[in-house]
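Visitor: Please see the structure below; I have some questions.
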Amino acid sequence: MQKKIILTLIVFLLWSCNNDDLNGPTKEIAIDQKVFYRDLRIGAFVNGLVVEEKAINTVLKKIMKNGSNDLEIPGMVDTKKTYSKGNWVYEFTQLAKENENLANKLILENADKMKISQAYALSSAYYTIAGFPYVRNVRFKSSSFQIQESIDKARINFQKAIETETGLRTAYEFIGPAGEKINATLLLPLNSKGQCPVIISTMGSDQIQSMFYGIYQKYLKNSQFALLTFDLPGYQPGEFLEPQKTNKYHDIVIDKIIQTNGLNGLINKNAIGVWSKSFGGNAATLALYSRGSKIKAACIECGAVITPFYGDPTTYPKMTAEGVQERFAKNSLSDLHKILKNISLKSTFQPNSLSMPLLIIGNPLDYINPEKDMVIQQASSTKGQLIKVDNPPSETSGHCPPQDLSFPEVLKFFSKHLKP
3 MQKKIILTLI
13 VFLLWSCNND
23 DLNGPTKEIA
33 IDQKVFYRDL
43 RIGAFVNGLV
53 VEEKAINTVL
63 KKIMKNGSND
73 LEIPGMVDTK
83 KTYSKGNWVY
93 EFTQLAKENE
103 NLANKLILEN
113 ADKMKISQAY
123 ALSSAYYTIA
133 GFPYVRNVRF
143 KSSSFQIQES
153 IDKARINFQK
163 AIETETGLRT
173 AYEFIGPAGE
183 KINATLLLPL
193 NSKGQCPVII
203 STMGSDQIQS
213 MFYGIYQKYL
223 KNSQFALLTF
233 DLPGYQPGEF
243 LEPQKTNKYH
253 DIVIDKIIQT
263 NGLNGLINKN
273 AIGVWSKSFG
283 GNAATLALYS
293 RGSKIKAACI
303 ECGAVITPFY
313 GDPTTYPKMT
323 AEGVQERFAK
333 NSLSDLHKIL
343 KNISLKSTFQ
353 PNSLSMPLLI
363 IGNPLDYINP
373 EKDMVIQQAS
383 STKGQLIKVD
393 NPPSETSGHC
403 PPQDLSFPEV
413 LKFFSKHLKP
């Protein structure tokens, strides 16, 4: 473990359990949060991805060394405007390209497919980090193109990693209500013979699909379930995301599964489950009501669905506060709670208004989806179930439990209820 720079925030970088031959389980990395604009809870955003501690440390040092001038915010080393050495997106993109080039080289050498897959997985992880915090807000206007490019490459190389390992197609596209492309990833179990029960899942980061890598490797690859994830509608700087439209993509994807007989028999149109997290849970909740007759079972984990963002938003970390403002509040954080009433689904969650098995799971101290909201969600279904998962504060500041604590319960739930 390298010498700590300053005793401050611990950055958690989590490993997929199937990559013991790279550098072994990652350790904690300490870095001075005070000189970074980005909230360095990186573990919350690369949960389950392949990462290498030494490589991450090296990049963070480069940013601290070369990010001392041309800054959007004085003193914040990761806000360098110029896309060059010291710029967060640039530095992690270089690391991603190294591993992407290695994968392509290994292909030419007819190397072992697992080595190729792991190189693509590493590349996907670093492209994912390059795009962090996944918000094209005013702070990153000069790098907005590169951020979007990183997010796209993260998805593409994630798909290549799985396809190389399994030989199964992963990349799909759907068409949105305005004719836009909806990028999707289908993860089939290795032993699939078609007609797999499918879990539809969306997270709260709109376009970050690569975080499903670890879940697939550890829990789904040898299971009976397929997983289908896709982009949420997304948002641009200064554009308010209309909450009643967030479920439109869920409706489109579910309808397409039905219309195509389960994507031509790969998945079972009569065994559709929904599992979504954070703001992805908001969109999924609306789909439970708009397409409830086609959904066999559902799980909402740490869903931002009733009264998101309790407390004073002006006390949030700078990155979080500005990201929330860009996404919801438009003009100022003082408008936040008033505007968030528009995305509240409290009136939607009427007691016994749903009949499908519904699992509500999360941390009872979650500042976005606390226990009192979870109880309301559970009561909305005649078959509602509530599981509380304690969440170490150092992991994700209380929002959304670590995957290894929650997903085994999610998988147990679908094993019981998601059958043809």
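Under our numbering, the first residue of the sequence shown is numbered 3, with each subsequent residue one higher.
Just so it is clear, CB atoms sit at the ideal spot from N, CA and C, and this is done for glycine as well.
Buried or exposed for N193, please, with buried defined as at least 16 other CB atoms from any protein chain shown within 10 angstroms of its CB.
Guide: Around the beta carbon of N193, fewer than 16 other beta carbons sit within 10 angstroms, so the residue counts as exposed.
Visitor: So if DSSP puts I362 in a beta bridge, which residue, or which two residues, is it bridged to?
Guide: I302 and L388
Visitor: Is the region 344-353 close to the region 258-275, with three or more CB pairs under 8 Å?
Guide: no
Visitor: According to DSSP, simplified to helix, strand and coil, what is Y85?
Guide: coil
Visitor: Apart from the five residues just before and just after G196, which ones in its own chain have a Cβ nearer than 7 Å to its Cβ?
Guide: G267 and L268
Visitor: In the DSSP assignment, the beta strand (DSSP E) including Y174 goes from what residue to what residue?
Guide: A173 to I177
Visitor: Just curious, the alpha helix (DSSP H) that I149 is in, first and last residue?
Guide: S146 to T168
Visitor: Cutting at 6 Å between CB atoms, please list the residues of its own chain near P353, excluding the five before and the five after it.
Guide: A381
Visitor: Determine the extent of the beta strand (DSSP E) in which S278 is found, giving its start and end residues.
Guide: I269 to K279
Visitor: Determine the direct distance from the alpha carbon of D72 to that of D392, and round the result to whole angstroms.
Guide: Computed Cα separation, rounded: 42 Å.
Visitor: Quick one: measure Cβ to Cβ for L189 and I164, integer angstroms, because I've assumed they're closer than 8 Å.
Guide: 6 Å
Visitor: Could you tell me how far apart the beta carbons of G305 and N284 are, in whole angstroms, since I believe they sit closer than 8 Å?
Guide: 6 Å
Visitor: The beta strand (DSSP E) spanning P403 covers which residue range?
Guide: First-last for P403: undefined, no H or E at that position.
Visitor: Please classify K223: does DSSP put it in a helix, a strand, or coil?
Guide: coil
Visitor: Straight-line CA distance for P27 to G294?
Guide: Reliability of the predicted coordinates at P27 is poor, the pLDDT of 34 falling under 50, and no value is obtained from them.
Visitor: Measure the beta-carbon distance from T204 to L234 and round it to whole angstroms, keeping in mind my assumption that it falls under 8 Å.
Guide: 6 Å
Visitor: Can you list, in chain order, the residues of its chain whose CB lies under 7 Å from that of T81, leaving out five sequence neighbours each side?
Guide: Y39, L73, E74, I75 and R141
Visitor: How about the region 178-185 and the region 117-131: do they share at least three Cβ pairs that are nearer than 8 Å?
Guide: no
Visitor: Tell me which same chain residues have a C-beta within less than 8 Å of the C-beta of Y85, skipping the five on either side of it?
Guide: V91, Y92, S144, S145 and Q148
Visitor: What first and last residue would you give for the beta strand (DSSP E) that runs through T231?
Guide: For T231, the enclosing beta strand (DSSP E) has its first and last residue at A228 to F232.
Visitor: If I measure Cβ to Cβ from N99 and keep anything under 8 Å in the same chain, skipping five residues before and after, which residues do I get?
Guide: At residue 99 the sequence reads Lys, which differs from the Asn that was named. Correct list, in chain order: S125.
Visitor: Using the beta-carbon count (16 or more within 10 Å), is T231 buried or exposed?
Guide: buried
Visitor: Secondary structure at P191, three-state DSSP: helix, strand or coil?
Guide: coil
Visitor: Which same chain residues end up closer than 7 Å to S408 when comparing Cβ atoms and leaving out the 5 residues on each side of it in sequence?
Guide: E303, I363 and V391
Visitor: Helix, strand or coil, according to DSSP, for A113 in the structure here?
Guide: coil
Visitor: So what's K348 in DSSP terms, helix, strand or just coil?
Guide: In the three-state scheme derived from DSSP, where H, G and I count as helix and E and B as strand, K348 is classed as coil.
Visitor: What separation, rounded to the nearest whole angstrom, lies between the Cα atoms of E55 and L413?
Guide: 29 Å
Visitor: Drop a sphere of 10 angstroms on the beta-carbon of E241, count the other beta-carbons inside from all chains shown, and report buried for 16 or more, exposed for fewer.
Guide: Confidence is the limiting factor: at E241 the pLDDT is only 47, short of 50, which leaves the residue's position unreliable and the question unanswerable from this model.
Visitor: Go through its chain and collect everything with a Cβ distance to M78's Cβ below 6 Å, but skip five positions before and after it.
Guide: Here the set comprises Y39.
Visitor: Which residues bound the beta strand (DSSP E) around I259?
Guide: No beta strand (DSSP E) holds I259; the alpha helix (DSSP H) holding it covers K250 to Q261.
Visitor: Taking DSSP as the reference, what is the three-state secondary structure of L420?
Guide: coil
Visitor: What's the C-alpha gap between D23 and A300?
Guide: Unreliable positioning characterises D23 in this predicted model, as indicated by a pLDDT of 28, which lies under 50. A coordinate reading is not provided.
Visitor: Where do the ends of the alpha helix (DSSP H) carrying I378 lie?
Guide: E373 to A381
Visitor: Checking 8 Å against the spacing of the C-beta atoms, do F415 and L361 come in under that value?
Guide: yes
Visitor: What did DSSP end up calling L73 once you bin it into helix, strand or coil?
Guide: strand
Visitor: Considering only their Cβ atoms, is the gap separating M358 from I297 smaller than 8 Å?
Guide: yes
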